[in-house]
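Comments concern the structure below.
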Amino acid sequence: MANSPQAKKRARQNESRLAINKARRSRIRTFLRAVEEAIESGDKASASAALQAAQPELMRGVTKGVFHKNTASRKMSRLAARVKALG
């Protein structure tokens with residue numbers, strides 16, 4: 196258990212950051228799921244639109260420290276390739 200005031204404050208900050216990051220990660224996964232579902236349906240137009248909506252969300256996750264830059268880039272690249280293959 197945290198004893199010093201500094202450690203207690205850090206524990207409080209960690210709890211709040213966890214909640215914020217969890218919500219952010221969940222929101223990004225929802226956008227990615229929308230892209231996956233559009234790809235599964237086979238509709239290139241809706242898949243492309245969903246990908247366009249997901250891209251800024253994913254990159255925002257990178258700037259906020261939720262995802263690593265390479266992870267986000269890899270996800271975007273693979274999804275873009277799958278959307279492109281629908282044509």
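Following the numbering used here, the numbering of the sequence shown begins with 196 at its first residue and continues without gaps.
Don't be surprised by glycine CBs; every beta carbon is placed ideally from N, CA and C.
This structure is a prediction, so every number in the text was calculated from the model and none was measured.
Query	Result
In three-state DSSP terms, what is K259?	coil
Might you give, ordered along the chain, the residues of its own chain that have their beta carbon closer than 7 angstroms to the beta carbon of M271, omitting 5 neighbours on each side?	Q250 and L253
Among residues of its own chain, excluding the 5 on either side of F262, which ones have a beta-carbon nearer than 6 angstroms to its beta-carbon?	G256
On a CA-only basis, which of E235, R222, A206 and S199 is nearest A280? Give me that one, please.	E235
If the criterion is Cβ atoms closer than 8 angstroms, does the pair L213 and L246 meet it?	no
Going by DSSP, what residue range makes up the alpha helix (DSSP H) through N216?	P200 to S236
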